[in-house]
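K.L.:
Listed in order, the protein sequences are those of chains A and B.
110 is the number of the first residue of the first sequence in my numbering; add one for each residue after it.
110 is the number of the first residue of the second sequence in my numbering; add one for each residue after it.
In this text, a Cβ means the ideal position worked out from N, Cα and C, and glycines have one as well.
What you are looking at is a predicted structure, and each value in this text was computed from that prediction instead of being measured.
One structure coming up, written as structure tokens, with questions to follow.
Protein chains: 2
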Amino acid sequence: MNTFENKQDFSEELKAYRLLVDTCLESVYKDIYPRSLYEPIEYVLSSGGKRLRPIVTMLCAGAVGQKPEDAVQCGSALEILHNFTLLHDDIMDSSPLRRGRQTVHVKWDDATAILSGDVMLGVAYRLLLSSIKGKERSLDMLDAFTQGLIDVCEGQALDLDFQSLSDISMNQYMQMIEMKTSRLLEISAIVGAFYGNANDETVHSIKEFARHLGLAFQIQDDLLDLTADSSEFGKLTGQDLIEGKKSYLIVRASEKNLPLKDKELLDMYIRKKGISMEEIPGMIRMLSSNDVLLDAQNAIKFHGEQAKLHLSTLVESTHQKALMWLTDKMSQRTM
Amino acid sequence: MNTFENKQDFSEELKAYRLLVDTCLESVYKDIYPRSLYEPIEYVLSSGGKRLRPIVTMLCAGAVGQKPEDAVQCGSALEILHNFTLLHDDIMDSSPLRRGRQTVHVKWDDATAILSGDVMLGVAYRLLLSSIKGKERSLDMLDAFTQGLIDVCEGQALDLDFQSLSDISMNQYMQMIEMKTSRLLEISAIVGAFYGNANDETVHSIKEFARHLGLAFQIQDDLLDLTADSSEFGKLTGQDLIEGKKSYLIVRASEKNLPLKDKELLDMYIRKKGISMEEIPGMIRMLSSNDVLLDAQNAIKFHGEQAKLHLSTLVESTHQKALMWLTDKMSQRTM
């Protein structure tokens with residue numbers, strides 16, 4: 110039984126927030142020189158995206174009694190930080206596509222992608238700094254933002270380490286995605302809460318909500334690598350498998366008592382650090398017949414429910430309801 | 110006539126500061142996990158170096174009445190920021206050596222060098238944040254640090270742009286090195302001044318001192334590429350020429366009315382974007398016989414004197430004298 114059934118549809122409200130974020134982001138790249146540095150940033154930041162992190166910041170600020178619109182700059186700083194990680198991760202992972210378009214290191218080159226990413230961090234801090242002057246918890250927001258940057262790098266390092274380890278436990282995997290994916294959502298949420306000067310108990314609930322939302326989001330991402338329509342998802346189907354990623358699916362399959370033939374397929378994947386395009390359908394069949402895809406769906410559902418449980422401890426408000434609705438949407442997303 | 114002749118030798122004092130910086134830096138990489146991320150940072154930060162930036166921060170804090178030792182963390186944050194730029198620049202420039210040792214992207218790989226650099230930024234902000242709590246001008250220090258990060262990236266972008274342009278004016282060159290090299294020294298200096306709660310006029314003098322010190326330092330660096338003992342300097346002789354850099358020497362030579370044969374050599378350098386190892390001695394002869402090396406020496410001397418002129422407007426103190434002494438040392442350095 111879903112105890113947090115949402116009747117209301119918040120699509121329009123979130124669309125309005127997304128537009129505010131887009132406008133704020135535009136100010137950091139439009140007509141800024143040198144163009145060799147800011148054109149790739151324009152390319153990345155104007156390519157749409159869900160704007161999940163700034164929307165979480167704005168709604169969390171709203172849920173603690175602040176006007177969400179006031180937190181658009183803080184939230185946009187987090188969106189820039191997020192896009193910085195994508196830009197650099199794509200070089201490290203040699204990914205060719207992002208949101209259905211060439212990645213920056215492919216369209217330009219590695220040097221451009223490194224340097225544009227670097228300046229994005231500076232720009233993100235500048236935006237955050239400009240929006241928190243005079244706020245009581247300004248240094249808390251900066252501490253959180255900085256810890257988010259550190260943790261997301263450490264998470265990416267673990268992810269890269271895992272690619273050369275043969276055996277990753279579910280605990281190790283969960284720790285890695287907590288740092289690599291959940292942390293930035295947590296920081297987005299608590300920056301919103303700090304912006305609204307929330308008390309410690311509320312900050313804790315909001316942090317836990319975002320942590321679970323992040324876990325659901327990442328497991329969903331791992332699943333969509335295989336099940337999403339690639340033109341809609343913006344990445345190639347099975348890209349993670351080609352790169353030899355230790356995704357939720359691979360780690361979960363490793364825990365299972367697989368039939369011999371399936372075990373051999375998994376062992377080969379781990380030994381060869383990935384498979385070819387042609388081998389993807391066979392791998393999907395294996396993961397499906399051993400209920401690995403089903404397990405992933407259940408894990409997504411579990412973390413989505415946990416996220417909403419923590420939200421339910423907040424004072425009831427439209428923005429709290431919008432966060433509930435957003436959690437459902439993210440847990441059911443197909444792109 | 111040098112009106113700021115220093116009798117006193119500050120070597121021992123600066124050595125003591127350097128040790129404090131080294132100890133502070135150790136705390137950011139020693140026994141920190143994952144090692145895949147922090148080992149390259151240990152490699153970079155424990156490789157010595159002049160620690161010019163933190164020493165400038167400490168001495169500037171001292172010159173405005175603060176205990177220099179108290180500013181060691183702020184200064185170390187700037188040293189980390191500086192090393193982050195070196196780490197990423199070395200990837201972009203495909204440099205094989207730094208301080209006489211393999212660069213990180215060569216010893217490990219590009220992905221490691223990118224990610225270790227990224228987390229260094231986070232670590233630098235964390236260190237800065239931890240040391241400025243309760244300080245009146247904490248947000249000014251963060252603003253300055255952030256603007257430094259942005260400017261140094263923009264300076265590097267200009268440097269990369271210049272490599273594909275055939276004609277760079279001396280003005281363009283000076284603007285580029287102001288952003289790429291002087292700015293971090295400026296920020297190091299004014300963070301020290303803000304730390305000591307200096308008034309605006311003093312901050313301005315300190316900023317101008319550091320700007321000129323940075324210009325002298327960078328032109329010296331360009332000159333040392335050709336004149337330094339490579340084992341002492343820690344880089345290959347003529348590395349900039351091999352990379353096709355538009356250094357002070359190349360830009361200055363381009364301004365001159367060169368004999369036909371020399372003009373052809375310079376045109377070839379610009380057309381081919383660099384020269385081979387064998388062609389370096391001929392290029393040095395050409396730059397020397399046309400007084401380009403002498404012009405560089407004069408420019409270094411000029412900016413060194415300007416730096417000291419601005420220092421002379423500060424209240425007289427031991428730390429002010431140490432800054433004068435340091436400026437002389439840097440203008441005469443051979444490594």
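Within 10 angstroms of its Cβ, does residue 192/B collect 16 or more other Cβ (buried), or is it exposed?
P.N.:
Its Cβ being crowded by 16 or more others within 10 Å, residue 192/B is buried.
K.L.:
Kindly indicate the opening and closing residues of the alpha helix (DSSP H) around residue 336/B.
P.N.:
309 to 336 is the span of the alpha helix (DSSP H), which, as asked, contains residue 336/B.
K.L.:
Kindly indicate which three-state DSSP category residue 265/B falls into: helix, strand or coil?
P.N.:
Helix at residue 265/B.
K.L.:
What are the residues in the stretch 131 to 150 of chain B lying within 7 Å of chain A by C-beta distance?
P.N.:
Within the stretch 131 to 150 of chain B, the qualifying residues are 143, 145 and 146.
K.L.:
Quick one: is residue 380/B buried, meaning 16 or more other Cβ sit within 10 Å of its Cβ, or exposed?
P.N.:
It is exposed - the Cβ of residue 380/B has fewer than 16 other Cβ atoms within 10 Å.
K.L.:
Excluding the five sequence neighbours on either side, which residues of its own chain have a C-beta within less than 8 Å of the C-beta of residue 269/B, listed in chain order?
P.N.:
Hits under 8 Å: 201.
K.L.:
Determine the DSSP secondary structure at residue 394/B, reduced to helix, strand or coil.
P.N.:
DSSP places residue 394/B in helix when its eight states are reduced to three.
K.L.:
Quick one: which unbroken alpha helix (DSSP H) runs of 4-plus residues sit fully inside the stretch 201 to 241 of chain B? Chain order, please.
P.N.:
You should have 213 to 216 and 219 to 241.
K.L.:
Please identify, using Cβ separations under 8 Å, the residues of the stretch 234 to 245 of chain A that lie next to chain B, in order along the chain.
P.N.:
Cβ contacts with chain B come from 234, 235, 238 and 242.
K.L.:
Check whether the Cβ atoms of residue 273/B and residue 182/B lie closer than 7 Å to each other.
P.N.:
It is not a contact, given that the beta carbons lie outside the stated cut-off.
K.L.:
Which residues in the same chain as residue 410/B place their Cβ atom closer than 7 Å to its Cβ, once the five residues preceding and following it in sequence are excluded?
P.N.:
The answer, listed in chain order, is 440.
K.L.:
Starting from residue 435/A, trace the alpha helix (DSSP H) both ways and give me its first and last residue.
P.N.:
Taken as a continuous stretch (DSSP letters only), the alpha helix (DSSP H) holding residue 435/A covers 427 to 440.
K.L.:
Taking residue 284/A as part of the alpha helix (DSSP H), name the residues at either end of that continuous run.
P.N.:
Residues 279 to 286.
K.L.:
Could you give the distance in angstroms between the alpha-carbon of residue 387/A and the alpha-carbon of residue 358/A?
P.N.:
The straight-line gap from Cα to Cα measures roughly 19 Å.
K.L.:
Looking at the secondary structure, which residues open and close the alpha helix (DSSP H) in which residue 423/B lies?
P.N.:
Where residue 423/B is concerned, there is no enclosing alpha helix (DSSP H), given that its DSSP letter is neither H nor E.
K.L.:
DSSP three-state call for residue 175/B: helix, strand or coil?
P.N.:
Residue 175/B falls in the coil class under three-state DSSP.
K.L.:
According to the neighbour-count rule (16 or more other Cβ atoms, all chains shown, within 10 Å of its Cβ), is residue 213/B buried or exposed?
P.N.:
Buried, since its Cβ has 16 or more Cβ neighbours within 10 Å.
K.L.:
Is the Cβ-Cβ distance between residue 395/A and residue 371/A less than 7 Å?
P.N.:
Yes, Cβ-Cβ distance for residue 395/A and residue 371/A is below 7 Å.
K.L.:
Following the continuous alpha helix (DSSP H) through residue 348/B, name the residue where it begins and the one where it ends.
P.N.:
Element bounds for residue 348/B: 348 to 351.
K.L.:
Using a Cβ cut-off of 9 Å, which residues of the stretch 254 to 286 of chain A contact any Cβ in chain B, in chain order?
P.N.:
Within the stretch 254 to 286 of chain A, the residues whose Cβ lies closer than 9 Å to some Cβ of chain B are 254, 255, 256, 257, 258, 259, 260, 261, 262, 263, 265, 266, 267, 269 and 270, listed in chain order.
K.L.:
Is the stretch 318 to 328 of chain A touching the stretch 293 to 305 of chain A, taking contact as three or more C-beta pairs under 8 Å?
P.N.:
The answer is yes - the stretch 293 to 305 of chain A touches the stretch 318 to 328 of chain A, with three or more Cβ pairs under 8 Å.
K.L.:
Taking the beta carbon of residue 111/A as the centre, do at least 16 other beta carbons fall within 10 Å, making it buried, or is it exposed?
P.N.:
Note on residue 111/A: pLDDT 46, under 50, position unreliable in the model; no value is reported.
K.L.:
Confirm, please, whether the CB-CB distance from residue 225/A to residue 149/A is below 7 Å.
P.N.:
Result yes, Cβ atoms of residue 149/A and residue 225/A sit closer than 7 Å.
K.L.:
Please name the residues in the stretch 303 to 330 of chain B whose beta-carbon is closer than 9 Å to at least one beta-carbon of chain A, in chain order.
P.N.:
Of all residues in the stretch 303 to 330 of chain B, none has a Cβ within less than 9 Å of some Cβ in chain A.
K.L.:
Go ahead and label residue 443/B buried or exposed: buried means 16 or more other beta carbons lie within 10 angstroms of its beta carbon, across all protein chains shown.
P.N.:
Classification of residue 443/B: exposed, given that the 10 Å Cβ count is below 16.
K.L.:
Compare the C-beta of residue 231/B with all C-beta atoms of chain A and state if any pair is closer than 7 Å.
P.N.:
Yes, residue 231/B counts as interfacial toward chain A.
K.L.:
Between residue 452/B and chain A, is the shortest Cβ-Cβ distance under 7 Å, so that the two count as touching?
P.N.:
Chain B is shown from 110 up to 444; residue 452/B falls before or after that span and cannot be answered.
K.L.:
Can a CB atom of chain B be found closer than 7 Å to the CB of residue 223/A?
P.N.:
Residue 223/A counts as touching chain B.
K.L.:
Rounded to whole angstroms, how far is the Cβ of residue 143/A from the Cβ of residue 263/B, which I believe are closer than 8 Å?
P.N.:
At roughly 6 Å, the Cβ-Cβ gap stays under 8 Å, so residue 143/A and residue 263/B are in contact.
K.L.:
Could you confirm whether any beta carbon from chain A is found closer than 7 Å to the beta carbon of residue 186/B?
P.N.:
No, residue 186/B does not count as interfacial toward chain A.
K.L.:
When you compare the CB of residue 123/B with every CB in chain A, is at least one pair closer than 7 Å?
P.N.:
Output row for residue 123/B: interface = no.
K.L.:
So which residues on chain B does residue 220/A lean against when the C-beta distance must stay under 7 Å?
P.N.:
Residues of chain B passing the Cβ test: 201 and 269.
K.L.:
Considering only residues of the same chain and omitting the five flanking positions on each side of residue 172/B, which have a CB-CB separation below 7 Å?
P.N.:
Cβ neighbours of residue 172/B beyond the five flanking positions: 423, 426, 428, 429 and 432.
K.L.:
Residue 372/B lies in the alpha helix (DSSP H); which residues open and close that run?
P.N.:
Taken as a continuous stretch (DSSP letters only), the alpha helix (DSSP H) holding residue 372/B covers 369 to 381.
K.L.:
What residues from chain A crowd round residue 349/B, counting only those whose CB sits closer than 9 Å?
P.N.:
The premise fails here: residue 349/B is roughly 17 Å from chain A at the closest Cβ pair, so nothing lies under 9 Å.
K.L.:
Note down the Cα distance separating residue 145/B from residue 221/B, rounded to an integer number of angstroms.
P.N.:
One C-alpha to the other measures close to 8 Å.
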